[in-house]
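**Q**
In our numbering, the protein residues as written are 1038 to 1563.
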């Protein structure tokens, strides 16, 4: 048998377990798996080994490309030096994170307010279940709202709600958000919700959904926010699994040209399962009121009007913040449990070091709260960091046209944004020459990050020209909750990396590029 060709697959990102990474990565999930929020794969971290061709096909689908090419006999560590070395600020942060992880993350944790200091930064006595900031106590809601109000930022905007599907715009200060959240927390407690209880949130992209998330965090309840586009069957599976003490929902979700009755979908879901639960319904403004089920339902506004402010509860660093289910593309949906301390630290750190955003600036994540991107970068990260987050209830096209993102950038002075390649392709398809983008001026806009899937080079190049800013792909997963690889512009990495790559390993991850190759049987000949 003679070989007619020998093919080398695309690069495979393999997690190399250094002495530091063996002990765990701060804020991350436990193990690989499905990912709804990564800039590439939904299959977890691949291990380097010789495999069959089917493995190589899976590797090709991963599409994670790091920013250096090298001899196939060697593997590339982010600590290696070469002609395309990143700036010392990134290099020093990365090296310290893998050589001295306890010191590195202990310093990063200073960006978060703690009620009780931790006794040990990292405990890896029961691998792979790493514990971070052992015995430390904090509250994520306090860090997202209270501390900013206490530090004189009460009148700074926390949330800008922009809903082209309802014609609604609302600006909410940190003080106003805190008032709503602390009252809703009081409502939850009065309904018997205690620390450790689960609360299901089934709501559209409205401020009340963020209030619900933060109210749960305020009292130590564990929220399970379910994507509003799910039908009753998917909803019932998740409710049955978490067995919540309470469900928070809204009357309607709005899509272009139609209304979705959330309460009807919830009613059908609850009929499918044995778990009985109380429901609080938010009736949306300027829409018909939905009838309440006697003995089960409560009216959101009535409960809030009778509520008082509820203080934050100090929580252990390990205390679960939320449960978020994977998409189920490789099997049954899996509930990802996110610990409070490590997640808060890494989210706060990424806003400045990965995305290059300063406290007080306006940030847009064009996603949905029901996905990991929405949890991390619509709600928690920007508020932890003291930014203004734009909550957009609309589409990239059709609400009303393909100029929607450009309008947002211009109207609100957005500094950076995060969206998906699919959204960019939709705009590109409708406005190939980006004519609408030229009608808007957005001088404060510095960078556009994309994730959730691989961004093809053509779309990326078009977006650079249309948005007049660097477009940076990065990779992460539902399990990690924050990026694995990215162009850390806050650490000085180039704003113009090679097209088609997904950045460098974030500090805390020690990745390598390995070559996997096989003989193509179709091209073998006896």
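By construction, the Cβ of each residue, glycine as well, lies at the ideal position given by its N, Cα and C atoms.
In angstroms with no decimal places, state the Cα-to-Cα distance between residue 1306 and residue 1270.
**A** Taking the chain shown and counting its residues from 1, the one referred to as residue 1306 is at position 269. Taking the chain shown and counting its residues from 1, the one referred to as residue 1270 is at position 233. Answer to the nearest angstrom: the Cα atoms are 6 Å apart.
**Q** Within the chosen definition, does the region 1451-1460 reach the region 1204-1220 through at least 3 CB pairs nearer than 8 Å?
**A** No, because fewer than three Cβ pairs between the region 1451-1460 and the region 1204-1220 fall closer than 8 Å, the two stretches do not touch.
**Q** Which residue spans inside the region 1200-1237 form an unbroken alpha helix (DSSP H) run of at least 4?
**A** If we require 4 residues or more, the alpha helix (DSSP H) runs fully inside the region 1200-1237 come out as 1211-1227.
**Q** The ligand COA heavy atoms versus the CB of residue 1504: any closer than 7 Å?
**A** This structure lacks the ligand COA; in fact it carries no ligand of any kind.
**Q** With a 10 Å radius around its C-beta and 16 neighbouring C-beta atoms as the bar for buried, classify residue 1476 as buried or exposed.
**A** By one-based count along the chain shown, residue 1476 stands at place 439. By the neighbour-count rule (16 or more Cβ atoms within 10 Å), residue 1476 is not buried but exposed.
**Q** Exposed or buried, which one is residue 1324 when buried takes at least 16 other CB atoms within 10 Å?
**A** Residue mapping note: residue 1324 aligns to position 287 of the chain shown, counting from 1. With fewer than 16 other Cβ atoms within 10 Å, it is exposed.
**Q** Is residue 1543 helix, strand or coil when you go by DSSP?
**A** Here the question's residue 1543 lines up with position 506 in the chain shown. Here residue 1543 sits in coil by DSSP.
**Q** Looking at the structure shown, is residue 1482 part of a helix, part of a strand, or coil, going by DSSP?
**A** As a working note, residue 1482 is residue 445 in the chain shown. Coil.
**Q** Quick one: give me the first and last residue of the alpha helix (DSSP H) that residue 1378 is part of.
**A** For the purposes of this step, residue 1378 is taken as residue 341 along the chain shown, with counting starting at 1. It spans 1377-1390 - the alpha helix (DSSP H) in which residue 1378 sits, taken as one unbroken run.
**Q** Could you give the distance in angstroms between the alpha-carbon of residue 1218 and the alpha-carbon of residue 1253?
**A** Translated into the one-based positions of the chain shown, residue 1218 becomes position 181. Translated into the one-based positions of the chain shown, residue 1253 becomes position 216. Each residue's Cα considered, the two are about 9 Å apart.
**Q** Which residues does DSSP pair with residue 1400 in a beta bridge?
**A** In the chain shown, residue 1400 corresponds to position 363, counting from 1. Beta-bridge pairing links residue 1400 to 1426, 1453.
**Q** Under the rule that 16 or more other beta-carbon atoms within 10 Å means buried, what is residue 1338, buried or exposed?
**A** Residue 1338 sits at position 301 when you count from the first residue of the chain shown. It is exposed - the Cβ of residue 1338 has fewer than 16 other Cβ atoms within 10 Å.
**Q** With a CB to CB cut of under 7 Å and the five nearest residues on each side skipped, what residues in its chain are close to residue 1277?
**A** Taking the first residue of the chain shown as position 1, residue 1277 is located at position 240. Here the set comprises 1310, 1312.
**Q** Since residue 1539 contacts residue 1522 with CB under 8 Å, what's their CB separation in whole angstroms?
**A** Indexing the chain shown from 1 puts residue 1539 at position 502. Indexing the chain shown from 1 puts residue 1522 at position 485. Contact holds; Cβ gap of about 5 Å.
**Q** Grab the span of the beta strand (DSSP E) containing residue 1509 for me, first residue to last.
**A** For the purposes of this step, residue 1509 is taken as the residue at position 472 of the chain shown. It spans 1508-1510 - the beta strand (DSSP E) in which residue 1509 sits, taken as one unbroken run.
**Q** Residue 1438 by DSSP, collapsed to three states: which one?
**A** Residue numbering aside, residue 1438 sits at position 401 when the chain shown is read from its first letter. In this structure, residue 1438 counts as coil in the three-state DSSP scheme.
**Q** Determine, for residue 1527, whether the minimum Cβ-Cβ distance to residues of chain D falls below 8 Å.
**A** The structure shown contains no chain D; it holds only a single protein chain.
**Q** Residues in the same chain with beta-carbon distance under 8 Å from residue 1440, minus the five sequence neighbours each way, listed in chain order, please.
**A** Start at 1 with the first residue of the chain shown, and residue 1440 comes out as number 403. Contacts found: 1468, 1473, 1474, 1476, 1477.
**Q** Rounded to whole angstroms, what is the Cα-Cα separation between residue 1133 and residue 1290?
**A** As a position in the chain shown, residue 1133 is number 96, starting the count at 1. As a position in the chain shown, residue 1290 is number 253, starting the count at 1. If you take the alpha carbons of residue 1133 and residue 1290, they lie about 46 Å apart.
**Q** According to DSSP, simplified to helix, strand and coil, what is residue 1259?
**A** Counting from 1 along the chain shown, the entry for residue 1259 is found at position 222. Strand.
**Q** Grab the span of the beta strand (DSSP E) containing residue 1289 for me, first residue to last.
**A** As a position in the chain shown, residue 1289 is number 252, starting the count at 1. 1289-1292 is the span of the beta strand (DSSP E), which, as asked, contains residue 1289.
**Q** Quick check on residue 1128: buried or exposed, where buried means 16 or more other Cβ atoms within 10 Å of its Cβ?
**A** Looking up residue 1128 in the chain shown gives position 91. Under this definition residue 1128 is a buried residue.
**Q** Please list the terminal residues of the continuous beta strand (DSSP E) segment that includes residue 1359.
**A** In the chain shown, residue 1359 corresponds to position 322, counting from 1. Taken as a continuous stretch (DSSP letters only), the beta strand (DSSP E) holding residue 1359 covers 1357-1362.
**Q** Is the Cβ-Cβ distance between residue 1402 and residue 1520 less than 8 Å?
**A** Counting from one through the chain shown, the residue named residue 1402 turns up at place 365. Counting from one through the chain shown, the residue named residue 1520 turns up at place 483. For residue 1402 and residue 1520, no; Cβs fall outside 8 Å.
**Q** How is residue 1473 classed by DSSP in three states: helix, strand or coil?
**A** Position 436 of the chain shown, counted from the first residue, corresponds to residue 1473. Looking at residue 1473 - three-state DSSP - the assignment turns out to be coil, as it is neither helix nor strand.
**Q** Given this structure, state the Cα-to-Cα distance separating residue 1535 from residue 1510, to the nearest angstrom.
**A** As a working mapping, residue 1535 is identified with position 498 in the chain shown. As a working mapping, residue 1510 is identified with position 473 in the chain shown. Each residue's alpha carbon lies about 11 Å from the other.
**Q** Give every residue of the same chain whose Cβ lies closer than 7 Å to the Cβ of residue 1423, excluding the five residues on either side of it in the sequence, and list them in chain order.
**A** Working through the chain shown from its first residue, we reach residue 1423 at position 386. Only 1185, 1190, 1396, 1397 meet the Cβ criterion.
**Q** Apart from the five residues just before and just after residue 1145, which ones in its own chain have a Cβ nearer than 7 Å to its Cβ?
**A** Within the chain shown, numbered from 1, the residue matching residue 1145 stands at position 108. Result list for residue 1145: 1382, 1386, in chain order.
**Q** Answer with buried or exposed for residue 1192, where buried requires no fewer than 16 other C-beta atoms within 10 angstroms of its C-beta.
**A** Sequence index remark: in the chain shown, residue 1192 carries index 155 (1-based). Exposed, since its Cβ has fewer than 16 Cβ neighbours within 10 Å.
**Q** Taking only the alpha-carbon atoms, compute the straight-line gap between residue 1393 and residue 1326 and give it to the nearest angstrom.
**A** Counted from its first residue, the chain shown places residue 1393 at position 356. Counted from its first residue, the chain shown places residue 1326 at position 289. If I take the Cα positions, the gap works out to 43 Å.
**Q** Who pairs with residue 1175 in a beta bridge, going by DSSP?
**A** The residue you call residue 1175 lines up with position 138 of the chain shown. DSSP lists 1352 as partners of residue 1175.
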